[in-house]
Every structure is written in structure tokens, then in C-alpha cells.
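Residue numbers (this note's numbering), protein chains in the order written: chain A, 1 to 227; chain B, 1001 to 1216.
Just so it is clear, CB atoms sit at the ideal spot from N, CA and C, and this is done for glycine as well.
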Amino acid sequence: MIDKFFASAEAALKDIPDGATVMIGGFGNAGMPAALIDGLIAQGARQLTIVNNNAGNADAGLAALIAAKRVRKILCSFPRQADSWHFDKAYRAGELELELVPQGTLAERIRAAGAGIGAFYTPTAFGTELAKGKETRRIGDRDYVLEYPIHADYALIKADRADRWGNLTYRKTARNFAPIMAAAAKCTVAQVRDTVELGTLDPEVVITPGIFVQRVVKIAPLLRKAA
Amino acid sequence: MKKLDRNQMAARVARDIPEGSYVNLGIGLPTLVADHLPKGREIILHSENGVLGVGPKPAPGEEDEDLINAGKEPVTLLAGGSYFHHADSFGMIRGRHLDFAVLGAFQVSVTGDLANWHTGGADAIPAVGGAMDLAMGAKQVLVMMEHLTKKGESKIVERCTYPLTGARCVNRIYTDLAVIDVKPDGLHVVDLVDGLSFEELQRLSGVPLKRLATAA
């Protein structure tokens, strides 16, 4: 019997080795797998390459992972924010490497990895600093930049509901990077609000089919303050 | 001369967006355009984090942390709205499906080069987000910015001195002084604020401007 449910974040993350490439879903707090990031911090893997849209906010989550000096390199589109102080400090101290990628190119490079694409030409960033040193090509009447896929060892994502086959549904804009990261990683760990019996999820609303998901951990959502 | 304030600039942009348009409003000043879209005109707002049909800000206490825009502010969804993942969202942008992107800018050149992501300062940490994708992908790129820097220098320039976001991508510039079209033969002034002469705008801008035939 297939059962992708894991009892805890600790159990789902324990084999992540030093030097792994880890994609982390989420855009702002929407879709951020907070419990899995906390689990990764507790787990202790070092020299990680992290793929996320940002580079951590305030003192929790990815920012805490950076503060704990576990990150060797970050691929992201928007590291600098009002509260990205842990990243800013580590970056200025030369403790981590930044690969800045336009957001759509980041998404497409992740998608390409999951879809088995070897590389692709995109018009984004042509003629800018972010295309320096890259192959370019004129196709028809437009100029394009050659970009390569981003593969990962692990993807840590947040979804709404899952069954034991790993089929996932999402909530609103929390979907963001999760479906493409799930496909791009060798091992995808999904933090979900709820787990359900096989057959409960309407197949028409499954966004990430279970083939892309290896591990599922149910994390009860934090209770909201009473209104 | 009466400079437009931020809301007047937003209203001026909003006036030009036709019924049925799919539009992405950049973070900052362009976001204000949403508040000025003419009532009764159906315009579908896209936010690159994965939503079409962005609605107004939720009432206090009604915020949903799973429903935000690209500026990470809580929003609502209009009836008919939809959600999708990031690769689809940027496919909409890059694939030329968006009618308009409204973006802020540090500088725009006479050929429509856009600089809006990085000052290029040695100690500045660069961050680009979706700016380059929007600049190259939208059918029409509208720039919204103050005409002059705080020091009084024109932000419309012969050649951008800041790092480019995209080359030859801007179609129209809305400033607090004028509306200017970027065309293959140069910059055409479409509109001037009350009390500003073409000659004065020309003097302030420091780059060659053309009068619209109808505005002469």
C-alpha cells in the first residue's frame, strides 16, 4: 500500500544531506512551509543551496536558516526587502552567494527541470546585466537569452489538502511556486493543512498529482486570534 | 503650472485603459491606478504571484494570508477571478497575453529603454522580481513616474545611466507633467498639465520632444 504520510517534519526531513539543493515554496507568507523550514533548521544540514523567490524576512523561516549559517547559496528574484537583514548581513560579509534570477525566468527554470527540458530561450533580461555572459540568439524578430533548468534534491512546499498518494490541492495564492517545485525536485515534502482518505479529493481539483510528491506531513494550522 | 499629484497621475493612466483589458500594476505608484479605474468598466487585474481578477483591499479583519498581491498586501478576488501557479502566471506575461503593464521607473530613454530595478550602487543589493518579465512581455508597457528627480534632473534621458530592466520596451510615459508616447521616430507629447507650455516641458526634459500634430 502506498502511504506517503509522515508523522512529523523531523521524520520527513531527516535524510537531507549537507550540500543539498532545497527549493522552498511560498511567496511572502502565502504558501510558505513554515513548519518544514523550522524542521530543516532543527535537522542541521549545512552548505545548502536554497531556491526561493526571496531571501528571508524578519527573523523566522528562511531568514532563521540564513542566520544559522546553513546556506551557501541562494537563487532568488527579490532578496532585498525592508526586513531581509539576515540575508543582507550574510551577503555583505561574503558568507553566501547570490544568483539573482528574474522572477519569471526563475519560475520557468524550475518548470523546465520538472518537465525534462534541457534549456530554453526567453526574451526576459536580454540586453541587461542579468544576461551578461549568457548565450543569446535572435529568433524571428526578437532577441532571446538561453536559460537552463534548476533541479533540486528536495522541495519543501505547503499545500492545503493531501491524500496518501500525495495528490495535493492548494488555497488561493498560496499555490505560487509549489506545483512547479514539486515537479523539479527528486524528493518533494508537502506540509498540508489536512489529510484525507483516498478518493475524497475531486480529481478535477487536484493541482499537483501525487507522482510529484514523495512525503506529506500534516501540520495543524495555528489558531487565529478570535475576532 | 500645476503638477499632478500621485492620485491624479493614477487617474490619468486609468482613463486610458479600455474595457476588457488585462492589466498588471507594478508595486508602488502604479498600484494606485486600481483605485481610479472608471466604475462600470470591466478591467481584469493580474498579479504575478498567481491571480487574475484582483479585487479591492479587504475590510479590516477580513484579510486572508493566502490571498495577497505581488506587493504582498492582502487583496480580494472578484467574481470570475482565478488562481494559477507561477510558471503559468509568467507565461501569461511573457507570452504576450497581458494588454498593459504599468511600471514605475528611475529612468526611461528616448528609445524606450527602461531602468527601474537597480541603482547600480556598489553596496546596493540587487533585487529584480518580475520587472524584467513584465517589461519584455506585456503588449504595452506604460511607465508612471515623476518627470524630474528630487534634484530637478529629467528622468527621461538620452541613455539610461542606471542598469536596464529592458531595452526598447516602453510604449508610453505618464509623468506629473505630461503624457509622452515613445515611437520609432522619437518622443511625442500627447498631453501637458494645465499651465505648462511645450517649450517649458522641452526645456525641463533635456531630450528632443515632438508635438503631437493635434496638440499644436
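- Scanning the segment 1046–1070 of chain B for uninterrupted beta strand (DSSP E) segments of 3 residues or longer gives 1051–1055, listed from N- to C-terminal end.
- Each of B:1138, B:1084, B:1193 was checked against the Cα of residue 175 of chain A, and the nearest Cα belongs to B:1084.
- Here DSSP, grouped into helix, strand and coil, assigns residue 54 of chain A to strand.
- Between the segment 18–32 of chain A and the segment 140–154 of chain A, the count of C-beta pairs closer than 8 Å reaches three or more; the two stretches touch.
- Taking C-alpha positions only, residue 183 of chain A is separated from residue 1168 of chain B by approximately 35 Å.
- One thing to note: residue 88 of chain A has its Cβ no nearer than 8 Å to the Cβ of residue 58 of chain A.
- The C-beta distance from residue 1201 of chain B to residue 1189 of chain B rounds to 7 Å, short enough to fall under 8 Å.
- Non-local beta-carbon contacts of residue 1048 of chain B in its own chain, meaning distances under 7 Å to residues more than five positions away in sequence, involve 1024, 1070, 1089, 1090, 1093, 1130 in chain order.
- Using a CB distance cut-off of 8 Å, residue 1105 of chain B does not count as an interface residue toward chain A.
- About 6 Å separates the beta carbons of residue 1044 of chain B and residue 1053 of chain B, which is inside the 8 Å limit, making them a contact pair.
- Within its own chain, the residues whose Cβ lies closer than 6 Å to the Cβ of residue 70 of chain A, once the five positions on either side in sequence are excluded, are 46, 48, listed in chain order.
- For residue 215 of chain A, not one C-beta of chain B is nearer than 8 Å to its own C-beta.
- The beta carbon of residue 1004 of chain B sits closer than 7 Å to the beta carbons of 1012, 1176, 1193 from its chain, once the five residues preceding and following it are set aside; these are given in chain order.
- Between residue 1165 of chain B and chain A, the shortest Cβ-Cβ separation is below 8 Å.
- Burial is judged here by how many other beta carbons sit within 10 angstroms of a residue's own beta carbon; residue 113 of chain A has at least 16 and is buried.
- Contacts with chain B at 8 Å (Cβ-Cβ) do not include residue 147 of chain A.
- Looking at A:63, A:54, A:189, A:10, the one whose alpha-carbon comes closest to that of residue 211 of chain A is A:189.
- Here DSSP, grouped into helix, strand and coil, assigns residue 1081 of chain B to strand.
- Using a CB distance cut-off of 8 Å, residue 1100 of chain B does not count as an interface residue toward chain A.
- Beta-bridge analysis with DSSP links residue 1024 of chain B to B:1046, B:1101.
- Residues of chain A with a Cβ closer than 7 Å to the Cβ of residue 1083 of chain B are, in chain order, 172, 173, 175.
- When the alpha-carbon of residue 42 of chain A is set against those of A:26, A:68, A:171, the nearest one is in A:68.
- Between the alpha carbons of residue 218 of chain A and residue 1104 of chain B lies a gap of roughly 42 Å.
- For residue 1090 of chain B, the enclosing alpha helix (DSSP H) has its first and last residue at 1086–1094.
- Residue 103 of chain A has no beta-bridge partner at all, per DSSP.
- With a contact defined as Cβ atoms closer than 8 Å, residue 1133 of chain B and residue 104 of chain A qualify at about 3 Å.
- Sixteen is the threshold: when 16 or more other Cβ atoms of the shown chains lie within 10 Å of the Cβ of residue 1029 of chain B, as they do, the residue is buried.
- The beta carbon of residue 1050 of chain B sits closer than 8 Å to some beta carbon of chain A.
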